[in-house]
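Quick note on numbering: the sequence shown equals residues 0 to 415 in numbering that gives the first Met the number 0. Each residue gets a CB set at the ideal place from its N, CA and C atoms; glycine is no exception. Notes follow the structure.
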Amino acid sequence: MKIIVKPSEFSGEIWANPSKSIMQRAVALSALSGGEVFISNPDYSADSLASIGIIENMGATVTKDDDFIVITPGTELKNTVWDVGEAGLSARMFAPIAGLYEEDITITGKGSILKRPMNSVIEALEQLGLEVEHNNFCLPLKVKGKINNYNLDLDLSSGSQLLTGLLIALSKADKDSDIRVKNLKSKPYIDLTICAAQGFGAEIINEDYKHFSIKGNRDFKRKKFNIEGDWSGVAFHLVGAAISGKATITGINPRSKQADRAVLDVLEQAGAKIKIKHNKISVARAELKAFEFDATDCPDLFPPVAVLAAYCKGTSKIKGISRLKHKESNRFLTLQEEFGKLGVKITAEGDYMVIEGKIPSGGLVFSHNDHRIAMAMATAGLRATGDIEIQDAECINKSYPDYFLDYEILGGLVIE
0 MKIIVKPSEF SGEIWANPSK SIMQRAVALS ALSGGEVFIS NPDYSADSLA
50 SIGIIENMGA TVTKDDDFIV ITPGTELKNT VWDVGEAGLS ARMFAPIAGL
100 YEEDITITGK GSILKRPMNS VIEALEQLGL EVEHNNFCLP LKVKGKINNY
150 NLDLDLSSGS QLLTGLLIAL SKADKDSDIR VKNLKSKPYI DLTICAAQGF
200 GAEIINEDYK HFSIKGNRDF KRKKFNIEGD WSGVAFHLVG AAISGKATIT
250 GINPRSKQAD RAVLDVLEQA GAKIKIKHNK ISVARAELKA FEFDATDCPD
300 LFPPVAVLAA YCKGTSKIKG ISRLKHKESN RFLTLQEEFG KLGVKITAEG
350 DYMVIEGKIP SGGLVFSHND HRIAMAMATA GLRATGDIEI QDAECINKSY
400 PDYFLDYEIL GGLVIE
């Protein structure tokens, strides 16, 4: 799908899209619970739909509606091949959960996920006492056996998604467990996982993100679960408002444990006008100045924050580019290439992305089949000096299918 975005000005209000990160956690926890779970404000992005497909393979019955989803756990495994689509969280989260079954389980996917290294996942599964067949340390993985070891020592410098799966799976394992961790990244996502899991009845003790004690054989129970608005998606619109006009986002928790809530810190540092009232965030354009921001724990903010930096006076620095190599694309190189086409210079200094502020020109850009790159290019187009044409823009379906609809409601001009 080709999209053309025209220079325009935001002036409107939308309801935040639901968080796929929280949705996938809720889906997994519900499938392992002891009864029916009613989930309100569900997310139906491609990643979340993949997680729903997996729990149906686990035997769960799922009833979907626009405003809610009902998950009834099953008692018998229906399919031993679990397809995660392109969802990195589901790949790393459901791999340890596969170790709760006697049957051999194959974790597979499609597209870029098949090229992402799974070394840390394989190592963790083997420490759990499982046998793992793999494709040169990538998917598909065949997980053989059942969890029989409950003490792990892991280096999680690659991210926190695996730990999310371990905390959930080991809460249902036969014995209590201990996980010792070093170099953990994206710590706020672990707060999110622990909060969700404890809401279902898990008992997890977090000692300074270095030692996790997990009570095993827990009975998960929860009748209702509401999916929060998604800070990852909302970040693009808040940046859009800061560079062009104003926007109000309703249905977003300003006290959320989501890592990407940190976009507010960057916007404030850059000088944007921000107003917060209950579950409503308003941002308005202001004279923007360069900033320095550490995105190590929130790497998904790189694309929207890079857009913000382009419209700031001066040179901005964003720390954490080591976290960008194994996303849907190598996001540092992709942002450098696509912004370069628009006349914005991006370089690397050690672990920093350095962006020289300059209003983007128009031009033809490519999404690289990366949903966050497509949304970044659309946001950049709000005050560009010409039209920006985005190739393969349909990749937004991975996380935010209604992105362009909301973009237009806010006042953005889009031609398909």
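Check: Host alpha helix (DSSP H) of residue 21 (start-end); Outcome: 19-30
Check: Inter-residue CB distance, residue 9 and residue 246 (contact presumed, cutoff 8 Å); Outcome: 5 Å
Check: Anticipated Cβ contact below 8 Å, residue 309 with residue 265, distance rounded; Outcome: Not confirmed; about 13 Å, so no contact.
Check: Beta carbon of residue 229 nearer than 8 Å to that of residue 40; Outcome: no
Check: DSSP state of residue 394 mapped onto helix, strand, coil; Outcome: helix
Check: Backbone secondary structure at residue 152 - three-state DSSP; Outcome: strand
Check: Cut-off 7 Å between Cβ atoms - residues of its own chain near residue 258, not counting five sequence neighbours on either side; Outcome: 185, 187, 188, 296, 297
Check: Classification of residue 152 by the beta-carbon crowding that lies within 10 angstroms, buried from 16 upward; Outcome: exposed
Check: Option nearest residue 14 by Cα separation, candidates 207, 0, 20, 233; Outcome: 233
Check: For residue 100, three-class secondary structure by DSSP; Outcome: coil
Check: Collapsed DSSP secondary structure at residue 347 in the structure displayed; Outcome: strand
Check: Segment contact, 8 Å Cβ cut-off, at least three pairs: the region 116-135 with the region 143-150; Outcome: yes
Check: Which of helix, strand or coil DSSP assigns to residue 352; Outcome: strand
Check: Beta-carbon proximity list for residue 52, same chain, < 7 Å, skipping 5 on both sides; Outcome: 82
Check: Burial state of residue 85 (16 or more Cβ within 10 Å); Outcome: buried
Check: Cβ-Cβ distance between residue 212 and residue 173 below 8 Å; Outcome: no
Check: Span of the beta strand (DSSP E), counted from its first residue to its last, around residue 137; Outcome: 137-143
Check: As assigned by DSSP and simplified to three states, the class of residue 167; Outcome: helix
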